[in-house]
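The structure appears right after this line, and notes come after that.
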Amino acid sequence: GAGVSQSPRYKVAKRGQDVALRCDPISGHVSLFWYQQALGQGPEFLTYFQNEAQLDKSGLPSDRFFAERPEGSVSTLKIQRTQQEDSAVYLCASSLASGTSTYEQYFGPGTRLTVT
Amino acid sequence: DAKTTQPPSMDCAEGRAANLPCNHSTISGNEYVYWYRQIHSQGPQYIIHGLKNNETNEMASLIITEDRKSSTLILPHATLRDTAVYYCIVVSQGNLIFGKGTKLSVKP
């Protein structure tokens, strides 16, 4: 079946521009996660949704980062006034349920953001 | 959540078993051990998880020591497509913390 999809796959932004990254989770998956992965590092948690509710945004690095999932399916990660340190791969993941099943996550291919 | 320690890299010959170790000496009783892998330029892929008992699925086996302070992920017949970074994660609540993992290189 269809997995998690993300768009665009690649994004180049000039410093100061706003960007929006989209995630389409697996249909029916309750939980949705965003991660940031810098070159050579493991993914780092940004934020977590259960349906449309954003239950944890403790990993968002600054108030320039904003995520939403208004109808409990598609999610958008928005970065305002991009900085060079925002250059990374942004990964989206979804999981079927809550509890320990939350940790069996299905990841999309990521969006590689380059800020010039 | 408990911290994990993994070797930064390992090599394995194609067709042989790959045994990837993970140390989690501070694991507590309700914490699970999860394994993910990340093939180059792809998102991470869930492999397997366990609490106390050994587990096996179509991808791999997970062996957890009796004291639960360490575990080993076993890929029984490694192929070139198994070349990836393998992450061992201990979690019961909170979020997945990936660390740097072990880069497994399967060589022909």
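Here the protein sequences line up with chains A and B, keeping their order. For the first sequence, my numbering gives the first residue as -11, with consecutive numbering after it. For the second sequence, my numbering gives the first residue as 361, with consecutive numbering after it. Even glycine gets a Cβ: it sits at the ideal position worked out from N, Cα and C.
Per-residue DSSP class, three states only, for residue i
| i | result |
| --- | --- |
| E418(B) | coil |
| D427(B) | coil |
| E73(A) | helix |
| D44(A) | strand |
| T364(B) | coil |
Beta-carbon gap between residue i and residue j smaller than 8 Å
| i | j | result |
| --- | --- | --- |
| A76(A) | Q25(A) | yes |
| C80(A) | V(-8)(A) | yes |
| F458(B) | Y447(B) | yes |
| P368(B) | T432(B) | no |
| W22(A) | Y94(A) | no |
| T443(B) | L422(B) | no |
Pick from the options that is closest to residue i, judged by C-alpha positions
| i | options | result |
| --- | --- | --- |
| S19(A) | Q38(A), L43(A), S61(A), V62(A) | Q38(A) |
| M419(B) | E426(B), H409(B), D427(B) | H409(B) |
| F54(A) | V103(A), R10(A), Y(-2)(A), P31(A) | R10(A) |
| D51(A) | Q(-6)(A), A85(A), T70(A) | T70(A) |
| Y392(B) | R376(B), K412(B), Q405(B), H400(B) | K412(B) |
| F33(A) | T462(B), V466(B), N455(B), V450(B) | N455(B) |
| E92(A) | V451(B), L464(B), K463(B) | V451(B) |
| A377(B) | L435(B), T364(B), R428(B), S421(B) | L435(B) |
| E73(A) | L101(A), A(-10)(A), F21(A) | L101(A) |
| E40(A) | L27(A), Q68(A), G16(A), P49(A) | G16(A) |
| G461(B) | D427(B), Q453(B), Y394(B), N417(B) | Y394(B) |
DSSP bridge partner residues for residue i (one or two, in chain order)
| i | result |
| --- | --- |
| P381(B) | T432(B) |
| E32(A) | Q24(A) |
| L9(A) | L65(A) |
| Y94(A) | S82(A), Q405(B) |
Span of the beta strand (DSSP E) around residue i
| i | result |
| --- | --- |
| Q398(B) | 392 to 398 |
| T99(A) | 99 to 103 |
| A81(A) | 76 to 83 |
| V129(A) | Since the displayed chain A opens at -11 and closes at 104, residue 129(A) lies outside it and no answer follows. |
| T462(B) | 462 to 467 |
| Q(-6)(A) | -7 to -5 |
| G403(B) | Note, G403(B): premise wrong, no beta strand (DSSP E); not H, not E. |
| S369(B) | 369 to 373 |
| V445(B) | 444 to 451 |
| G55(A) | Contrary to the premise, residue 55(A) reads as Ala rather than Gly in this sequence. Unbroken beta strand (DSSP E) run through A55(A): 53 to 56. |
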